[in-house]
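Numbering (the working numbering), first residue to last: 692 to 899. We put the beta carbon where it would ideally sit given N, CA and C, even for glycine. These notes concern the structure reproduced below.
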Amino acid sequence: MAGESGARLTVGAGLTVGVLALQGDVREHVAALRALGARAVPVRRTSELDAVSGLVLPGGESSVIDKLLRRFELRDPLRARIADGLPVYGTCAGLILLADRLVDGIAGQQTLGGLDVTVRRNAFGGQNESFETALDVPALGAPPVPATFIRAPAVVEAGAGVDVLAALPDGRIVAVEQGPLLGTAFHPEVDGELRFHARFLERVRAAA
Ligand code: GLN
């Protein structure tokens, strides 16, 4: 797996973490977390949320996940856990869900919030809707991260307390961190890139 050398494969040992499993690329995240030694479980109900000490919000379609969060009555419990310091890693649609402010959502679309950022949904229009690039992420060291963008959002404004982990050459911010919350506009889990998941698991361990 790419990124294996830079990610400790036992960083998740003894940790139980969840992947929100209402819609999206749940399986890939579960596999990445298990590859790092964590016990990774799908989360669809509050009893399952209560049992995890960290949560991944997968890529998918943020407006659908938003609706399902409300239908499954997970939205309020999850917001409460985030306010309480739950480590969360959101990729793509998951980053949208973590953003305090959303541009170009569908009518009525809500986010969970937590990250003091404004995110633009589907920020890469036209032929650039999906693309891959090698992304420099200084906080993760060498080598660059293989980054796959699929109808991806971009962070268009970040508050003073937000650490920008990566930006594209044109300046668009695509990876951010604020305390226990981590968000990437791309999908490390589809490239076997484990360093972001390892970083998330370190946060989970620190919070436990
Ligand atoms: N465009 C999607 C959305 O609005 C995100 C795409 C993805 O997660 N790959 O949620």
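- For Arg811, the beta-bridge partners assigned by DSSP are Val794 and Ala845.
- The residues Leu826, Ala838, Phe840, Ala843, Ala845, Val846, Ala857, Ala858, Leu859, Thr875, Ala876 and Phe877, in chain order, have a CB closer than 8 Å to that of Val865 in the same chain once the five nearest residues on each side in sequence are set aside.
- Assigned with DSSP and collapsed to three states, Leu859 falls in coil, not helix or strand.
- Closest in alpha carbon position to Ala722, among Ala731, Leu788 and Thr809, is Ala731.
- Relative to ligand 1, Thr782 has its C-beta within less than 8 Å of a heavy atom.
- In the DSSP assignment, Ser821 falls within the beta strand (DSSP E) that extends over Ser821 to Leu826.
- For the pair Val836 and Leu873, the Cα-to-Cα distance works out to about 15 Å.
- Beta-carbon to beta-carbon, Leu777 and Leu746 are separated by about 6 Å, close enough to satisfy the 8 Å threshold.
- Judged by DSSP in its simplified three-state form, Arg730 adopts strand.
- Each residue's CA atom was taken as its position, placing Asp741 and Gly862 some 38 Å apart.
- When Pro879, Leu793, Gly785 and Leu885 are compared, the shortest CA-CA separation from Ala712 is found for Gly785.
- For Thr782, the secondary structure class from DSSP, reduced to helix, strand or coil, is strand.
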